[in-house]
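Notes for the one structure printed next.
2 protein chains.
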Amino acid sequence: MPPDVVQGIGDDAAVVKIDGKKRLLLTIDMLVENVHFTTKMPAKAIGWKALACNISDIAAMGGIPKFAVVSIGVPSKIHVTWVKDLYRGIEAAGRKFGVAIVGGDTVQSEKIVINVALTGEADAKDVVLRSGAKPGDVIFVTGKLGNSLKSGRHLKPNPRVAEAQYLVKHFKIHSMIDVSDGLAADLRHILEKSNVGAVLDAEAIPLHPDAKLDNALYDGEDYELIFTVGAGPRACPHRGEHRGSPLQHGRMKFFPIGLIVNNPRGLFLRKPDGRIVKIKPKGYQHF
Amino acid sequence: MPPDVVQGIGDDAAVVKIDGKKRLLLTIDMLVENVHFTTKMPAKAIGWKALACNISDIAAMGGIPKFAVVSIGVPSKIHVTWVKDLYRGIEAAGRKFGVAIVGGDTVQSEKIVINVALTGEADAKDVVLRSGAKPGDVIFVTGKLGNSLKSGRHLKPNPRVAEAQYLVKHFKIHSMIDVSDGLAADLRHILEKSNVGAVLDAEAIPLHPDAKLDNALYDGEDYELIFTVGAGPRACPHRGEHRGSPLQHGRMKFFPIGLIVNNPRGLFLRKPDGRIVKIKPKGYQHF
Chain A
1 MPPDVVQGIG DDAAVVKIDG KKRLLLTIDM LVENVHFTTK MPAKAIGWKA LACNISDIAA
61 MGGIPKFAVV SIGVPSKIHV TWVKDLYRGI EAAGRKFGVA IVGGDTVQSE KIVINVALTG
121 EADAKDVVLR SGAKPGDVIF VTGKLGNSLK SGRHLKPNPR VAEAQYLVKH FKIHSMIDVS
181 DGLAADLRHI LEKSNVGAVL DAEAIPLHPD AKLDNALYDG EDYELIFTVG AGPRACPHRG
241 EHRGSPLQHG RMKFFPIGLI VNNPRGLFLR KPDGRIVKIK PKGYQHF
Chain B
288 MPPDVVQGIG DDAAVVKIDG KKRLLLTIDM LVENVHFTTK MPAKAIGWKA LACNISDIAA
348 MGGIPKFAVV SIGVPSKIHV TWVKDLYRGI EAAGRKFGVA IVGGDTVQSE KIVINVALTG
408 EADAKDVVLR SGAKPGDVIF VTGKLGNSLK SGRHLKPNPR VAEAQYLVKH FKIHSMIDVS
468 DGLAADLRHI LEKSNVGAVL DAEAIPLHPD AKLDNALYDG EDYELIFTVG AGPRACPHRG
528 EHRGSPLQHG RMKFFPIGLI VNNPRGLFLR KPDGRIVKIK PKGYQHF
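Protein chains in written order, with the working numbering: chain A, 1 to 287; chain B, 288 to 574.
Following this line, the structure appears as structure tokens:
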């Protein structure tokens, strides 16, 4: 890996050194018709989501999203209104999160393809990787999970940029990732990169009213953040207590849902009856 | 346009201000199967081209290419060797031009889609836009043009990064663009953004042995650079003389092919018999 690459492939975004004191973050996402969306969904929502997913990746690194470039492949028969609405959605997300759309490319394609690349910036000390979780860390999530696809919530993600910034500026966050593939699959990325295990508390995982525990574990596309933080003084906003009501800061909520452990490796769930069971590795398969 | 955006949509790459003294450049390109390439072409060449086109965009801004993120959409039935060869081509171009591939996304897609986003950096004073051409400027091109598609040269573009760096460090380059759509279409972008006209000298345009003048004007995908430079002392490497043999610096060649004029507006060609004719606006239509 070249010396100016702090983190390459294998996290929510790449982290590279540039001129100046900040780190440059880079992420990219491709959405394909009939795989990630259909033209029956509102074009504006698809545009919003295309940019918001990338913003969520930057947030999960402890960064502030800055500049986006967008490529769109569209069939020549598509109505120009559809493309305009798509851009309107991208621009709306850009306005809300302070992202400038600075470039793009429109090409012909049989199926619609939307590709967004986004830069972010972060102070070097604020960058949070997946690989920093430590035994004893409390695991938190920034909001309710589950049933995002069926409920339609997946079309209007609200990336947790402000939450992540509050966290990195006030606490030593050891690891962080956003929930795109489901709590189980995404937390597992942290465990694998950090070489640790985790025990989640089934009763502590915050669920949307229309969701069950399995939805939270396996559905994905919630775009909440999972993060871990040490339990020492000033290290953990929850003072080491991993059960109980969520922490609040203004309108932000942080739900403690479990602990990082050294042994056993793997992802476990403490059921309401006290039994601890292994969580199966399933969830949304991109490919 | 936000204050940190120096140049948004409408040039080879976006130019933004970041922490530090340098400018960040951003460009993106999407290549779609059966529109920009077919699977009958060698995968490695397609990969090389996908990154090289973006590198050419950064070169045309006066920048040095740095970090790339790559998304690929592929059908599930595709052979893994094809995808590996594609990446091998991307990596080969990266190695040659000092670009680190720092992230990516692989998704399912009916047709193959390759999207490369590339960052570059440039000293603020070295950034060259399309909009700076001035009447009296000599128009140069960095190499031979024409017949890139039929000859297969379009699959092995050699972006002119070193040439552009030599130019911006030694001369005051007023405007620059790379030849992707053909000399006529790309020079016309400079004319429109700069609000000037141009007269090209038919006999001065350097052609590949297998190309005719029309190929140079309309074929595209040569990935040479067109640039304009003032004719004052130290301003123009050619001392105001727009006809004659190319300038050389080491292995680099710069061919003077015409002049920027105030009147008439539009793009004109001086034929070998001395007649000046208007060049028709045609060429490769992306969409």
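Backbone N, C-alpha and C fix where the C-beta goes; we use that ideal spot for every residue, glycine too.
Only a predicted model underlies this, so the values are computations on that prediction, with no experimental measurement involved.
Any beta-carbon of chain B closer than 8 Å to the one on residue i?
i	result
A:Pro75	no
A:Gly197	no
A:Arg234	The predicted position of A:Arg234 is uncertain, since its pLDDT is 47 and thus under 50; a value taken from the coordinates is nonetheless stated next. Cβ-Cβ to chain B under 8 Å: no for A:Arg234.
A:Val5	yes
Taking only three categories from DSSP, how would you classify residue i?
i	result
B:Asn502	helix
B:Gly381	helix
B:Asn341	helix
B:Thr368	helix
B:Arg417	helix
B:Val455	helix
A:Val293	Only positions 1 to 287 of chain A appear in the structure, and residue 293 of chain A is not among them; the question remains open.
B:Ile333	helix
A:Gly8	coil
A:Ala14	strand
A:Pro233	Low confidence applies to A:Pro233: its pLDDT is 49, below 50, so where it sits in the model is not reliable, and the reading given next is rough at best. It is coil, neither helix nor strand.
B:Ser467	coil
Output, in chain order, the set of chain A residues within a Cβ distance shorter than 8 Å of residue i.
i	result
B:Glu408	Ile18, Asp19
B:Ile296	Ile101, Val102, Gly103, Gly104
Is the CB of residue i under 8 Å away from at least one CB in chain A?
i	result
B:Thr314	yes
B:Asp392	yes
B:Ile544	no
Based on DSSP bridge pairs, tell me the residues matched to residue i.
i	result
B:Ser462	B:Thr515
A:Gly250	Beta-bridge pairing links A:Gly250 to no other residue.
A:Ser71	A:Asp105, A:Asn115
B:Arg557	B:Asp488, B:Ile563
B:Met317	B:Asn402
B:Leu432	B:Leu494
B:Asp410	B:Lys309
B:Leu546	B:Val425, B:Val486
A:Ile64	A:Glu121
A:Ala100	A:Phe67
By the criterion of Cβ-Cβ separation under 8 Å, what are the contact partners of residue i in chain B?
i	result
A:Pro2	Ala387
A:Ala14	Phe354, Val356, Val389, Gly390
Between the options, which lies nearest to residue i when the distance is taken from Cα to Cα?
i	options	result
A:Pro246	A:Leu267, A:Glu203, A:Gly230	A:Glu203
A:Thr27	A:Ala45, A:Ala52, A:Phe37	A:Ala52
A:Lys280	A:Asp273, A:Leu267, A:Pro272	A:Leu267
A:Lys111	A:Thr38, A:Thr119, A:Ile101	A:Thr38
A:Ala124	A:Asn54, A:Val6, A:Ala92, A:Ala185	A:Val6
B:Ala387	A:Lys156, A:Asn263, A:Asp4	A:Asp4
A:Leu25	A:Leu118, A:Ile139, A:Ser76	A:Leu118
A:Met30	B:Ile563, B:Ile359, B:Ile345	B:Ile359
A:Val196	A:Ala211, A:Ser175, A:Pro206	A:Ser175
A:Ala133	A:Glu192, A:Val277, A:His170	A:Glu192
A:His36	A:Pro159, A:Thr106, A:Asp181	A:Asp181
A:Arg153	A:Thr106, A:Ala45, A:Asn115, A:Val70	A:Ala45
B:Arg557	B:Tyr453, B:Ala485, B:Met539	B:Ala485
B:Ser343	B:Lys308, B:Gly307, B:Val356, B:Phe384	B:Phe384
B:Pro352	B:Glu408, B:Asn434, B:Val403, B:Asn402	B:Glu408
B:Gly430	B:Arg382, B:Phe542, B:Asp473, B:Tyr505	B:Phe542
A:Trp48	A:Asp19, A:Gly63, A:Val116, A:Gly62	A:Val116
A:Gly370	B:Pro493, B:Ser481, B:Asp298, B:Gly433	Coverage of chain A is limited to positions 1 through 287, which leaves residue 370 of chain A absent and any answer about it impossible.
A:Ser148	A:His79, A:Val127, A:Phe227, A:Leu213	A:Leu213
B:Val428	B:Val516, B:Leu512, B:Tyr374	B:Leu512
B:Val425	B:Thr515, B:Gly507, B:Ser363, B:Ser396	B:Thr515
Under 9 Å between beta-carbons, which chain A residues line up against residue i? List them in chain order, please.
i	result
B:Glu397	Val32, Glu33, Asn34, Val35, Glu110, Lys111
Anything in chain A within Cβ reach of residue i, meaning under 7 Å, just list it in chain order.
i	result
B:Ala404	Ile28, Val69, Ala117
Along chain B, in chain order, which residues have C-beta atoms closer than 9 Å to that of residue i?
i	result
A:Lys22	Ile305, Asp306, Gly307
At a threshold of 7 Å, does residue i count as lining the ligand SAM (C-beta to nearest heavy atom)?
i	result
A:Gly230	Here there are no bound small molecules, and the ligand SAM is not part of this structure.
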